[in-house]
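The structure appears below as structure tokens.
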Amino acid sequence: MKMIYPLKTLFVLFSCLFLAQQAVDAKNLVLISVDTLRKDRVGVYLDSKSLTPNMDRLAAQSVLFTEAFTVVPLTSPSMCSVMTGLPPALHGSERNGLAKNEKVLTLAAVLRGLGYDTAAFVSNWTLKAHLCGLNQGFSLYDDQMEDKRWAGLIKGETSAKAINDKAIPWLEREAKEPFFLWVHYTEPHAPYVYHESFAEDSSNRGVRGRYDTEVAFVDHHIGLFLERLDALFPADSTTVVLIADHGESLGEHNYVGHGRQVYDPMMRVPLMIRDPSLTAGQRSSILFPLIDLAKTCMDLMSLQGAAGLGGRSELPVLRGEDSPRKWIFMETHRGAAVGRADGKDDKPRDDPTHLAVYAPPWKAIYELKPKKLLLFQMQEDPGEERNLAKTEENDRAQALYELLMGWYTQQTPLKKQGRHRPLSSKDTEALRSLGYIR
Ligand SMILES: [Zn+2]
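Under my numbering, residues 1191 to 1628 are what the sequence shown spells out, in order.
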């Protein structure tokens, strides 16, 4: 028995040396997440005139993924899925205002454990540390919100310019390599601001016109950020990832916003990964749910220690060494878990309102209240307007429903994991300003 302790000590020593060696050789990782950015507003995905020359430039240096999806179209749940590799029921942040379970590991915590310097600059109230729990693993988590874009009293956002004004000095003066930096830009989240100097057509000040100026505005600031990043750190030392946490419905299915449906405008997201080991300018159409991003990044950086994260690396698929996913699952919940002054709450853990499975070219959506099954052939009907569930395709709809419910019910025993405390009046007002509470 006496030998156990020296052996254990040796093992710890070797582990530390191994982890330290990984960190010495490791690349930096920069994650840029853009709130509410529709894939079809990023010019590189289209043939039309681009609103996003800077994101297009990054795409030309990256692998561009054309079939990337969020698992849930809500900010905190989605970013918790990105950082943990898990769907909402398994990390616990199923709605905005519900923090993820403290015991669930994040990418930042893994990287910090490997010796990374970790910093985040976030700009959406739902990403406040006490509301989402994503500060876990970050030695600096800046969630100060100094801007407001509506008539309320709360300053519930940080503009793209203000994010740069904090993140760039951090890169210039404080970052110690290797580092993991996460910047989250809140534009083009509602309420959409009309940015005069970024308007293509000054007569278009409607929802789409204002939204588009927000996209051009955030793209400009992403360009400034990337210019400084590249001047400070050579591209071969740094992996850069750009995503949206979810998209936005701009009137499709009679809805403006996100979170209440699982149609494509909200679920499809831009995804580009720039890394010296990848082929710049490559396009990939593999199914890529954002829950696979954390492990893919770990794999790209040749780092061990991803076992505690969910999802899987898509790198072997990209290299043609493994088969792509045949289907992916999606869900949504009511927008925010709301607190009450009496200390009770509004049943923060509720069932999802919609579930979906996408098995190209078929997509089945199951609405829970009232119960309704929908089936779409996405190649022939990308607008998801012709429900084929009660047609000759009914057997297919039922098979996808079984697949979907199998996935969902498997998760049920693991629910109730997250942390919820009733929201303060300040939190409630901020979430209302973002449209999550009506
Ligand atoms: Zn969001």
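Using N, Cα and C, we set each Cβ at its ideal position, and we do this for glycine too.
For ligand 1, I want to know if residue i counts as a neighbour, meaning its beta carbon is within less than 7 Å of at least one of the ligand's heavy atoms.
i	result
Asp1225	yes
His1523	no
Thr1260	no
His1379	yes
His1443	no
Asp1246	no
His1436	yes
Thr1348	no
Asn1577	no
Thr1265	yes
Asn1218	no
Asn1291	no
Asn1314	yes
For residue i versus residue j, is the C-beta spacing smaller than 8 Å?
i	j	result
Gly1399	Asp1409	no
Ala1497	Phe1415	no
Asp1579	Leu1564	It is Ala, not Asp, that sits at residue 1579 in the sequence shown. Contact: yes.
Gly1323	Arg1302	no
Leu1422	Leu1330	no
Tyr1401	Pro1424	no
Asp1482	Thr1429	no
Trp1372	Ala1299	no
Gly1495	Gly1275	no
Ala1554	Tyr1591	yes
Leu1419	Val1220	yes
Glu1574	Leu1545	no
Ala1484	Leu1227	no
Asp1332	Lys1318	no
Ala1289	Leu1321	yes
Met1269	Asp1435	yes
Asp1307	Ala1365	yes
Cys1487	Val1397	no
Since residue i and residue j should fall inside the 8 Å C-beta cutoff, what is the C-beta to C-beta distance between them, to a whole number of angstroms?
i	j	result
Gly1437	Met1456	5 Å
Ser1223	Ile1433	5 Å
Trp1552	Arg1586	6 Å
Val1253	Ser1513	The Cβ separation is near 18 Å, so there is no contact.
Leu1295	Leu1499	6 Å
Ser1271	Leu1480	6 Å
Skipping 5 residues on each side, what residues in its chain have a beta carbon closer than 6 Å to that of residue i?
i	result
Leu1624	none
Thr1618	none
Thr1376	Asp1225, Ser1313, Asn1314, Glu1347
Pro1278	Val1262, Pro1267, Glu1284
Trp1517	Val1547, Ala1549
Tyr1382	Arg1400, Tyr1401, Glu1404
Ser1393	none
Phe1407	Glu1377, His1385, Phe1388
Gln1251	Arg1464, Ala1470
Gln1567	Pro1551
Asn1577	Leu1564
According to DSSP, residue i sits in a beta bridge with which residue or residues?
i	result
Gln1567	Trp1552
Met1245	Per DSSP, none; premise fails for Met1245.
Leu1558	Lys1561
Asn1218	Thr1428
Thr1522	His1544
Tyr1331	Ala1310
Glu1347	Asn1314, Asp1337
His1374	Ser1223
Phe1369	Asp1307
Phe1407	Phe1407 pairs with nothing; no bridge assigned.
Short of 7 Å in beta carbon distance, which residues of its chain neighbour residue i, apart from the five on each side in sequence? Order them along the chain.
i	result
Phe1478	Phe1255, Glu1257, Ala1258, Leu1461, Glu1504
Asp1246	Gly1233, Val1234, Ser1240
Arg1622	none
Thr1439	Reading off the sequence shown, one finds Ser at residue 1439, where the question assumed Thr. Same-chain partners within the cutoff: Tyr1445, Val1446, Gly1447, His1448, Gln1451, Tyr1453, Pro1455, Met1456.
Lys1217	Pro1368, Ser1427, Thr1428, Thr1429, Met1491
Lys1229	Tyr1235, Gly1437, Arg1458, Val1459, Pro1460
Ala1249	Val1234, Met1462
Pro1506	Asp1512
Glu1583	Leu1565
Give me, in chain order, the residues of the same chain whose beta-carbon lies closer than 8 Å to that of residue i; leave out the 5 immediate sequence neighbours on both sides.
i	result
Leu1558	Asp1541, Pro1542, Thr1543, His1544, Leu1545
Leu1594	Phe1519, Leu1545, Ala1546, Val1547, Ala1554, Tyr1556
Leu1468	Ser1252, Val1253, Leu1490, Leu1508
Asn1325	Ala1310, Ala1319, Tyr1331, Asp1333
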